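Protein chains in written order, with our numbering: chain A, 263 to 871; chain B, 879 to 1229.
Remarks on the structure that follows.
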Amino acid sequence: MPEPLSAINDFVVKFANVNGSGSASANGLFAKAIIRMGVPVSARNIFPSNIQGLPTWYEVRVTEAGHLGRRGGVDIAVALNPQTWDDDVAEIVPGGYLFYDNTRPMPASKFRDDITVIGVPLTTICNEAYKIPRERQLFKNIAYVGALSWLIGIDTDVVEKLLAEEFASKAKLIGANIQAFNLGRNWAKENLKPIGLQLRHADAVGDRIFVEGNNAAALGAVYGGATVCAWYPITPSTSLAEGFMAHCEALRTNEDGSKRYAIVQAEDEIASIGIVVGAGWNGARAFTCTSGPGISLMNEFIGLSYFAEIPAVIFDVQRGGPSTGMPTRTQQSDLLLAAYASHGDTKHIMLLPADPGECFEMGATAFDLADRFQTTVFVMLDLDIGMQEWLVEPFKWDDAREIDRGKVMTFEDLEAGKDFGRYMDVDHDGVPYRTYPGTHPTRGAYFTRGTSRNRAAGYSEKGVDYQYNMERLLAKFATAARAVPAPVTRAAKKKTKAGVIYFGSTTPAMHEALEALEAQGHHVDAMRVRAFPFPQEVYDFIHAHEEVFVVEQNRDAQLRTLIVTEGGINPAVLTPILHYDGAPITARFLIDSIGSRMSAANAIREIAE
Amino acid sequence: MTYILKPKLHHPELPTNALGLTRRDYEGRISTLCAGCGHDSISAAIVQACFELDIAPHRLAKMSGIGCSSKTPDYFLGQSHGFNSVHGRMPSVLTGANLANRDLIYLGVSGDGDSASIGLGQFAHSIRRGVNMCYIVENNGVYGLTKGQFSATSDKGSKSKRGVENTESGIDLVALALQLGATYVGRSFSGDKAQLVPLIKGALSHHGPAVLDIVSPCVAFNNHAGSTKSFDYVRAHNEAVNRLDVILGRTPITADYEPGTVTEVTQHDGSKLRLRKLDDGYDATDLVGAMHYLQMHHAKGEVVTGLLYVDPDATDLHDRLGTTDVALNRLGTRELSPGAAALAKINAGLR
Chain A
263 MPEPLSAIND
273 FVVKFANVNG
283 SGSASANGLF
293 AKAIIRMGVP
303 VSARNIFPSN
313 IQGLPTWYEV
323 RVTEAGHLGR
333 RGGVDIAVAL
343 NPQTWDDDVA
353 EIVPGGYLFY
363 DNTRPMPASK
373 FRDDITVIGV
383 PLTTICNEAY
393 KIPRERQLFK
403 NIAYVGALSW
413 LIGIDTDVVE
423 KLLAEEFASK
433 AKLIGANIQA
443 FNLGRNWAKE
453 NLKPIGLQLR
463 HADAVGDRIF
473 VEGNNAAALG
483 AVYGGATVCA
493 WYPITPSTSL
503 AEGFMAHCEA
513 LRTNEDGSKR
523 YAIVQAEDEI
533 ASIGIVVGAG
543 WNGARAFTCT
553 SGPGISLMNE
563 FIGLSYFAEI
573 PAVIFDVQRG
583 GPSTGMPTRT
593 QQSDLLLAAY
603 ASHGDTKHIM
613 LLPADPGECF
623 EMGATAFDLA
633 DRFQTTVFVM
643 LDLDIGMQEW
653 LVEPFKWDDA
663 REIDRGKVMT
673 FEDLEAGKDF
683 GRYMDVDHDG
693 VPYRTYPGTH
703 PTRGAYFTRG
713 TSRNRAAGYS
723 EKGVDYQYNM
733 ERLLAKFATA
743 ARAVPAPVTR
753 AAKKKTKAGV
763 IYFGSTTPAM
773 HEALEALEAQ
783 GHHVDAMRVR
793 AFPFPQEVYD
803 FIHAHEEVFV
813 VEQNRDAQLR
823 TLIVTEGGIN
833 PAVLTPILHY
843 DGAPITARFL
853 IDSIGSRMSA
863 ANAIREIAE
Chain B
879 MTYILKPKLH
889 HPELPTNALG
899 LTRRDYEGRI
909 STLCAGCGHD
919 SISAAIVQAC
929 FELDIAPHRL
939 AKMSGIGCSS
949 KTPDYFLGQS
959 HGFNSVHGRM
969 PSVLTGANLA
979 NRDLIYLGVS
989 GDGDSASIGL
999 GQFAHSIRRG
1009 VNMCYIVENN
1019 GVYGLTKGQF
1029 SATSDKGSKS
1039 KRGVENTESG
1049 IDLVALALQL
1059 GATYVGRSFS
1069 GDKAQLVPLI
1079 KGALSHHGPA
1089 VLDIVSPCVA
1099 FNNHAGSTKS
1109 FDYVRAHNEA
1119 VNRLDVILGR
1129 TPITADYEPG
1139 TVTEVTQHDG
1149 SKLRLRKLDD
1159 GYDATDLVGA
1169 MHYLQMHHAK
1179 GEVVTGLLYV
1189 DPDATDLHDR
1199 LGTTDVALNR
1209 LGTRELSPGA
1219 AALAKINAGL
1229 R
């Protein structure tokens, strides 16, 4: 048997539970307690499309070094689901630990001899302590956290404080939960020794917050001034609309109870985007949130928004496609769908947040961009960012920031006799002026239509009128490329001909991989793209390198396709690195796939030299 | 259709309304529909209704989907913003517009294809959601723009211009609207201006979802023998339950009515609806009675017209959502963005 693993503040724990058994809050307590000890964690729920009964996992990476991507591999498996036992046991790295409820004996064949097996009779302990079946089940969850706290050194004071905060309004539950926690902890203390994987207080968290991207994006929408939200429930975006409801209730309710917002759960995604387009046309900031299947349904309206030039914001929390695909798994596979949504020649702005912190920022900025460019702006989250809690810098807001409504002619402008033509490019940036309905009794009214029209918004099928508009829309898109969030570059320590482009939830795994690759002697310049249309820097970066890896979480290299198509880039210089099994990309995968290609390339170069 | 532009000058003695506007000020561009189209009569009725109600044209938004009917908002109220949106989706666009600014009047114009086929879902949900709107269906029972296919409101057994018989059941939008919770429901005929104008006036001043199903014969594809949406058929089978007068709150009531034949309904905005009963047994505030009456007469092949149902205590989507009185599109940074101090508190709760 290999030496049992030994490490401080650097290991992976994976809980295997049954969906609906109440394990989520216990697992959350576990992760938050470690954060309160000053040790960063990256935590992920891995769950099925199901409410009760199917397997669910919670994976916690304890990482004082601050690597917030998935690492891959499991050091401690907390195996509490007989359905998935074999897979859960198989996943443990040699030398790792298996924690299980040994109330019912398991045959020897169900274990491995290269791991340390720790049995705790959780069911027996809880059955003796509690009479009500539901309590036996719920407190069993807290009890295993108690037992683990002894084994890996979680500070009990921290746990007690967390429970006191969580149940501040239901004081009775504080004592009950602490009691359950101690049931598990005391049993472990009497019967077991702490293991080699240990926690120590550290100061590596700082003032960071632990938050889901959907919640952050919803808050961004509040700060960005969104007043109308129309949505249709779909995993993994539902919690974004629900977050907006909760934030608005807290932040946008007048003293008399009236609301400075309106939320409609529509009958489908088509009505959702229709409501958004209607509200945007009428001068309110409006959004919908959905996932890939919803975008497919919204296509016709997205084209209308593009062609009739109506602001709209769509949060796309991407999941595994195509079709119903994998609703509860993550992917970055809607890029092409969103970038070119709808029939005819169309292109749309996309923002690509890397974490919940950027979900907040971009969630607000999206509304300014939608108003400034009078078009649909997509904010492309994914399940990994949207539904998982991430440790990020606290949200920031500048109180001097004003909502930017873009080019809107007011009553005063019209009264002063300013020339208004809805689709006239007066400033030579492709962006025309608009008026809100009801502004002026005799000036500024126009007819909005999805059919072609002239500069004054009059119906026209003349080729010159049609082409004027289509070319102006291209000019507008070019202006947008200069206004969207710029890419972020990270130069290698040594001059190199290799580059990597990545985006979104790949970011933490990529950063960890870059460090590891550098340690192996592989130097790579890195660029994180944050928006489409791509600013010129993206193409300059590619031209400055011989080979550029394009990392993305989809099968068909969609980002690479966009870069090739929009930038006229030679595909041969862009090497796709693709991860699309539905689980978040890991540093180990990136180190292997980029490292092996670079080693091979170096070997060839050495032979050639 | 005609290519002759209407002169902008008009007779100096044309009557004006309370805003000092003439009827001509409520007109739009020249219609491009076929000469004699029922839809143009409806546009004229809308012009008349808005003129008589003293509506400031820019305070009304015209919304439509796709089809012959949906083109018509270009042909009236030239000083109003209009939105010719997507086929069958006018109701959602109107809903969004209404949420953004509760201060405007929303007039949705649709057709039977737009509302009963592709848009049946949105027709239904905008009504049950209680959107404050005047939703007009210009119902000709046929797809005009694509040259004569049956629509979902074509009656079973009616014949197309080529003599083909419709074998599918027709959808009665009035019956649907009643079931779905519309709080002002009427049916009329494009050829009956005297009935139509007051019905539109009542719908425009109603606070809640108002639905008008207006049978509007298609002169090109659905005005032949065998059609149940032709001028001749509707005239012969029209069963009007009442005649309506809309009296604005500020107008003194001068008209004389015989006692017992008039019911009066006061609407949310103070306007009064005076219903002159043509059928003694009909009570327009009785929803169940209205549904029953409608089905009974439908079975006899009659087209029931008039104000079929009105709920004077109707509420709308804003009432139900509890939105603030200020139009949402007028709220600025101060009212919308909670600021850095509130954010610091939120951050603290996430540690």
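C-beta atoms are modelled at their ideal positions from N, C-alpha and C, and glycine is treated no differently.
In this text the structure is predicted, and so the values were computed from the model without any measurement.
Checklist entry - Between the stretch 1157 to 1188 of chain B and chain A, which residues of the former have a C-beta closer than 7 angstroms to a C-beta of the latter? => result none
Item to check | Within 9 angstroms of chain B by C-beta, residues of the stretch 583 to 609 of chain A in sequence order | outcome: none
Next on the checklist: Is it buried or exposed, N476(A), if we count other Cβ atoms within 10 angstroms and call 16 or more buried?
Outcome noted: buried
Checklist entry - Under the DSSP definition of a beta bridge, which residues are partnered with P317(A)? => result V280(A)
Item to check | Cross-chain neighbours of D661(A) in chain B, by beta carbon under 9 angstroms | outcome: S1215, G1217, A1218 and A1219
Checklist entry - How about V539(A): is its C-beta nearer than 8 angstroms to some C-beta of chain B? => result yes
Next on the checklist: At a cut-off of 7 angstroms, would you count Y721(A) as near the ligand FAD, judging by its Cβ distance to the nearest heavy atom?
Outcome noted: In terms of ligand content, the structure shown is empty, and the ligand FAD therefore cannot be addressed.
Next on the checklist: Using a Cβ-Cβ cutoff of 8 angstroms, what residues of the stretch 691 to 705 of chain A are near chain B? List them in chain order.
Outcome noted: T697, Y698, P699, G700, T701, H702, P703 and T704
Checklist entry - Relative to the alpha-carbon of R1212(B), which residue among A278(A), A488(A), P264(A) and H702(A) has its alpha-carbon at the smallest distance? => result A488(A)
Checklist entry - Given A1133(B), which residues of its chain have a CB within under 6 angstroms of its CB, disregarding the five upstream and five downstream residues? => result With a pLDDT of 49 at A1133(B), under the threshold of 50, the modelled position of that residue is not reliable, and no figure is offered here.
Checklist entry - Where V1052(B) and G542(A) are concerned, what is the direct C-alpha to C-alpha distance, given to the nearest angstrom? => result 31 angstroms
Next on the checklist: To the nearest angstrom, how far is the alpha carbon of R415(A) from that of I338(A)?
Outcome noted: In the sequence as displayed, the identity of residue 415(A) is Gly instead of Arg. Looking at the two C-alpha atoms, the distance is approximately 14 angstroms.
Checklist entry - Nearest to H959(B) by CA position, among A939(B), P951(B) and Y1187(B), is which residue? => result A939(B)
Checklist entry - Would you call the CB atoms of L911(B) and C928(B) closer than 8 angstroms? => result no
Next on the checklist: So for N1016(B), helix, strand or coil by DSSP?
Outcome noted: The amino acid occupying residue 1016(B) in the given sequence is Glu; Asn does not appear at that position. Of the three classes helix, strand and coil, the one that applies to E1016(B) here is strand, per DSSP.
Checklist entry - In whole angstroms, what separates the C-alpha of V1226(B) from that of E651(A)? => result With the sequence shown as reference, residue 1226(B) is identified as Ala, and Val is not the correct amino acid for it. So the two alpha carbons sit approximately 15 angstroms from each other.
Checklist entry - Taking C-beta to C-beta, are H1102(B) and N1010(B) nearer than 8 angstroms? => result no
Checklist entry - For the stretch 1036 to 1052 of chain B, which residues have a CB atom closer than 7 angstroms to at least one CB atom of chain A, in sequence order? => result none
Checklist entry - L513(A) CB to nearest chain B CB: under 8 angstroms? => result yes
Checklist entry - Which residues, in chain order, does the stretch 482 to 514 of chain A contribute to contact with chain B at a C-beta distance below 9 angstroms? => result V484, Y485, G486, G487, A488, T489, V490, A492, H509, A512, L513 and R514
Checklist entry - Going by beta carbon distance, what residues of the same chain come within less than 7 angstroms of E211(A), once the five residues before and after it are set aside? => result This structure cannot speak to residue 211(A), because chain A is shown only from 263 to 871.
Checklist entry - Excluding five sequence neighbours on each side, which residues of the same chain lie with their C-beta closer than 7 angstroms to the C-beta of T713(A)? => result Y721
Checklist entry - Does the separation of the CB atoms of S1004(B) and S947(B) fall below 8 angstroms? => result no
Item to check | Buried versus exposed call for Q782(A) [16 or more other C-beta atoms within 10 Å across all chains shown] | outcome: exposed
Item to check | Backbone secondary structure at P456(A) - three-state DSSP | outcome: coil
Checklist entry - Between the stretch 988 to 1001 of chain B and chain A, which residues of the former have a C-beta closer than 7 angstroms to a C-beta of the latter? => result G999 and Q1000
Item to check | Identified DSSP bridge partners for D363(A) | outcome: V382(A)
Item to check | Contact set between F961(B) and chain A, taken where Cβ atoms lie within less than 7 angstroms | outcome: W543 and T710
Item to check | Top-ranked residue by Cα proximity to S993(B), from P1190(B), M941(B), K1071(B) and V1204(B) | outcome: M941(B)
Item to check | Sufficient close CB pairs (3 or more, under 8 angstroms) joining the stretch 594 to 610 of chain A to the stretch 805 to 820 of chain A | outcome: yes
Checklist entry - Does DSSP put T1183(B) in a helix, in a strand, or in coil? => result strand
Next on the checklist: What does the Cβ neighbour count give for M560(A), buried or exposed, with the cut at 16 atoms within 10 Å?
Outcome noted: buried
Item to check | N-terminal and C-terminal residue of the alpha helix (DSSP H) that F563(A) is part of | outcome: G554 to A570
Next on the checklist: At 4 residues or longer, what runs of the alpha helix (DSSP H) sit wholly inside the stretch 615 to 649 of chain A?
Outcome noted: 618 to 635 and 645 to 649
Item to check | Proximity test, Cβ basis, 8 angstroms: N279(A) and chain B | outcome: no
Checklist entry - CB-CB under 8 angstroms to K894(B), same chain, minus the five flanking residues each way: which ones, in chain order? => result A small fix is needed here, since residue 894(B) is Thr in this sequence, not Lys. The residues are T900.
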